[in-house]
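Protein chains in written order, with the working numbering: chain A, 7 to 338; chain B, 7 to 338. Working notes, structure below.
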DNA sequence: TGAAACTCTGCAATCCTTTGCAAAAATCGT
DNA sequence: ACGATTTTTGCAAAGGATTGCAGAGTTTCA
């Protein structure tokens, strides 16, 4: 049923080699012949079988992406970037969701290895030791995780954190809470690092947590923050920030009048919240695109692969309506 | 570098056929031999090359999913279901985002066709005529779209609409607005159909739109609804409903005290909004799983494929905090 | 002990393309 | 018009796995 290269060859009255070449090395076949072949192929609806091609060339034209959890809106947005760029580069993409499970993640990399030219590991949940095991299995590009000299696209979370802190300080906040994400999370460590670096003389920063990096983690975190008497909250991520805002609303604490809230990630939802959430954008889609670019160049450059295998994306504070000057402590 | 079946055969001191059989028809090889083979394979880290296998068996072990837009949170959630079920059934999944573009969608189906055993078309944007062209290219399963006798998992949107209307009527609303989605959308037609069927004597329903089925579509829609003097709004989808709520908040109309709002889809965001959005859940993840089930059975049953190639999922109204009794018209 | 009946294993063809090498065809210079 | 080049084309092997068929090995039974 499916039309093969043989069919085209027979129909066009040439050998399969010629048909093959008409597609892969067009300049090697006479114009007249090539047109004829291409036209017959078109007419028959022939499309080369990538698997068969891959068998011999060793390249599949596919790439894989592994993400921790599709239901965290952060990931679909970087996925969107990966997707778009991959298509432009004529790659198909395999997607896998490892359900926040490192073991599963390893298995997925290994399962994919044979079918792809490389895989993009997004916010990998693997431990350093586990990563050892998969490095080398196939070409890897990391997003949001630095591991040795592996190619990676990183977000300057520390810089983003500084922007957030500066923003709040400028508004006049003097006591700020950071609601921490999972201890084991690389991103969380990065953000805390940025936080400590951004701290200044006139600022008191209290670190709470860890909390679940989801909406449900927010309410509990909010209560603790209120108890600490801070006037502003920086959450590990937007999901949590949204949970915080929801709890604050329930408790009658108005945002941003009585409490300022800042998130991280700039998930689409952030701008739709009430009030729209001030957050640190990681340029998710661009990160996805950059990862594909990195992978593709990794795959095509033969020798001197010493190019910049690392791309660092700026973070950007998006000021929306969840932050404002703190309530006047004198009660005026 | 990659270990092939030959390597295993050599190492185990048997022929490739035996290794192959040890994996695919274990009962055909003597226990002792099989153990030995499997063990050597394990030790060498052998994993069969699916592409090569596919070449001969005609099955790839892959399936494709095409969705209109990853940034609409509805799709990641069904994708999550597809993903999960696919892995259970030992299928890998190709993902493609067609950017709401029907032409692109066709191209994607055709590009995928050779590499997958079947594809799942989620809320396809293709016209009936365009669909003609792809049906037959490969095994197809539709989600959220009925096309001829093609296998599909449908959501009973009409039923969901009835629930929404009944809910509002029961609360005492008498004038309700439906904010329509894109005219060409199959889902929108279904929802309108349900709406008309659910209409009753004592209810005035005004249909507005069409609006962009996104957050940005909401504000404009909200203004029109307010002008119509309705007490409740049913939006084409949650995204739009969120946009409506945001606008209402800006205009000082409080939800649900002065205006009730109902959405469609139950995207994760819905429960996190303030107030949490009452919405019609489509059981997104289950839909994704069901689609895979359908596809797999379509692929495995040989002859009597006359099984139920259609799965209809119930919709379910999730009552949250965006709906309440209408303001008392007498002003009491 | 030997023929019959199985159970296991190996050979070789096959799936669809690509590609090195050699044959055929076209082009060129004189 | 003819040999020397250069361009085009075709043959056949290869890539990793599956599978029909037949040979080898084992068991059964008389």
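Ideal Cβ placement from N, Cα and C applies to all residues, glycine included.
Beta-carbon neighbours of residue i, restricted to chain A and to distances below 8 Å
i	result
residue 267 of chain B	Here the premise fails: no neighbours, minimum Cβ distance about 12 Å.
residue 66 of chain B	57
residue 83 of chain B	76 and 77
residue 145 of chain B	What residue 145 of chain B touches in chain A: nothing, since even the nearest Cβ is about 12 Å away.
residue 350 of chain B	Residue 350 of chain B lies beyond the residue range present for chain B, which begins at 7 and ends at 338; the question has no answer from this structure.
residue 248 of chain B	278
Inter-residue Cα distance where the pair is residue i and residue j
i	j	result
residue 176 of chain A	residue 167 of chain A	14 Å
residue 337 of chain A	residue 264 of chain A	Below a pLDDT of 50, predicted positions are generally treated as unreliable, and residue 337 of chain A, at 49, falls in that range; the measurement from the model is reported next regardless. Going from the Cα of residue 337 of chain A to the Cα of residue 264 of chain A covers about 12 Å.
residue 70 of chain B	residue 281 of chain B	37 Å
residue 233 of chain B	residue 183 of chain B	11 Å
residue 35 of chain A	residue 147 of chain B	41 Å
residue 111 of chain A	residue 132 of chain A	7 Å
residue 188 of chain B	residue 57 of chain B	41 Å
residue 257 of chain A	residue 275 of chain B	21 Å
residue 155 of chain A	residue 296 of chain A	17 Å
residue 222 of chain A	residue 315 of chain B	38 Å
residue 317 of chain B	residue 160 of chain B	6 Å
residue 10 of chain A	residue 87 of chain A	33 Å
residue 217 of chain A	residue 190 of chain A	12 Å
residue 220 of chain B	residue 247 of chain B	9 Å
residue 73 of chain A	residue 62 of chain B	32 Å
residue 125 of chain B	residue 141 of chain B	11 Å
residue 242 of chain A	residue 327 of chain B	27 Å
residue 269 of chain A	residue 103 of chain B	28 Å
residue 323 of chain A	residue 194 of chain A	17 Å
residue 53 of chain B	residue 122 of chain A	14 Å
residue 25 of chain A	residue 114 of chain B	23 Å
residue 304 of chain B	residue 145 of chain B	8 Å
residue 7 of chain B	residue 90 of chain A	31 Å
Contact list for residue i against chain B, beta-carbon separation under 9 Å
i	result
residue 99 of chain A	100, 101 and 102
residue 161 of chain A	Residues of chain B passing the Cβ test: none, with the nearest at roughly 19 Å.
residue 61 of chain A	55, 57, 58 and 61
residue 34 of chain A	Neighbours of residue 34 of chain A on chain B: none; closest Cβ ~24 Å, over 9 Å.
DSSP state of residue i mapped onto helix, strand, coil
i	result
residue 133 of chain B	coil
residue 334 of chain A	coil
residue 194 of chain A	helix
residue 46 of chain A	helix
residue 69 of chain B	strand
residue 164 of chain B	helix
residue 327 of chain A	coil
residue 8 of chain A	coil
residue 205 of chain A	coil
residue 279 of chain B	coil
residue 39 of chain B	helix
N-terminal and C-terminal residue of the beta strand (DSSP E) that residue i is part of
i	result
residue 322 of chain A	322 to 324
residue 105 of chain A	Here residue 105 of chain A belongs to no beta strand (DSSP E), and DSSP marks it neither H nor E.
N- and C-terminal bounds of the alpha helix (DSSP H) containing residue i
i	result
residue 232 of chain B	223 to 234
residue 16 of chain A	11 to 18
residue 88 of chain B	80 to 94
residue 23 of chain A	22 to 30
Proximal chain B residues relative to residue i, where beta-carbon distance stays under 7 Å
i	result
residue 1 of chain A	Any answer about residue 1 of chain A is impossible in this case: the structure gives chain A only from 7 up to 338.
residue 221 of chain A	278
Residues bridged to residue i (per DSSP)
i	result
residue 60 of chain B	The partner list for residue 60 of chain B (beta bridge, DSSP) is empty, contrary to what the question assumes.
residue 242 of chain A	According to DSSP, which records beta bridges pairwise, residue 242 of chain A is partnered with nothing at all.
residue 316 of chain A	A:158
residue 149 of chain A	A:128 and A:159
residue 185 of chain B	B:214 and B:241
residue 252 of chain A	Answer is none; residue 252 of chain A lacks a bridge partner.
residue 287 of chain B	B:271 and B:322
residue 301 of chain B	DSSP output for residue 301 of chain B lists no bridge partner at all.
residue 144 of chain A	A:141
residue 266 of chain A	A:238
Chain A residues whose Cβ lies nearer than 7 Å to that of residue i
i	result
residue 1 of chain B	Within the shown structure, residues of chain B are numbered from 7 to 338, placing residue 1 of chain B beyond reach of any answer.
residue 86 of chain B	76, 77 and 103
Contacts that residue i makes with chain B (C-beta to C-beta distance below 8 Å)
i	result
residue 53 of chain A	116, 117, 119 and 120
Within chain A, the residues that residue i reaches when beta carbons sit closer than 9 Å
i	result
residue 19 of chain B	Those within 9 Å of residue 19 of chain B in chain A number zero; the least Cβ separation is about 24 Å.
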